[in-house]
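Numbering (UniProt numbering), first residue to last: 1 to 154. Glycine included, each C-beta is placed from N, C-alpha and C at the ideal position. Encoded as structure tokens, the structure appears first; notes follow it.
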């Protein structure tokens, strides 16, 4: 376990437009506002299409991360996550989880890591900037190269 004192910066409200790619809009919002590190305490959204981590297949190694994706359409979503910065590629490295409900299936729910989404009607989000320390994602070789959040110089 590691903990760090975070220095909060600005809090911005962001709305994404119908038809926008979720991650492109998030990257644009961060770029326009100069945000490299932060967290998203909550957002609400409608997605016409969404891809989340999941599978219906038996897992050969239940301890390993699942890299397959589940494709869903016409969902309502509630999510949150963190924003780190990838200095190598000069872009944000968000980590977002969502709970989505399938509208035409009694809001049947799915919860997982968000891989892709297209906005349907709206996304309303709060982003809290972390002014210091820096936040990065570093692949952890002993954990299947899962990129883990590292705060500060550690």
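How would you write the range of the beta strand (DSSP E) that residue 86 sits in, first residue to last? 69 to 86
Short Cβ contact (9 Å threshold) for residue 8 with residue 83: no
Taking only runs that begin and end inside the UniProt domain "PPC" (6 to 152), name each unbroken beta strand (DSSP E) of 3 or more residues, in chain order. 7 to 17, 38 to 53, 69 to 86, 91 to 102, 108 to 132, 135 to 140 and 146 to 151
I'd like to know whether the C-beta atoms of residue 38 and residue 130 end up nearer to each other than 9 Å. yes
Pull up the distance between the alpha-carbon of residue 145 and that of residue 107, whole angstroms please. A straight-line Cα-Cα distance of about 34 Å links residue 145 and residue 107.
Sufficient close CB pairs (3 or more, under 8 Å) joining the region 47 to 54 to the region 104 to 119: yes
Of the residues 123, 97 and 60, the one placed nearest residue 29, counting alpha carbons only: 123
Residue 120 versus residue 13: straight-line alpha-carbon distance, rounded: Going by the C-alpha atoms only, they are around 18 Å apart.
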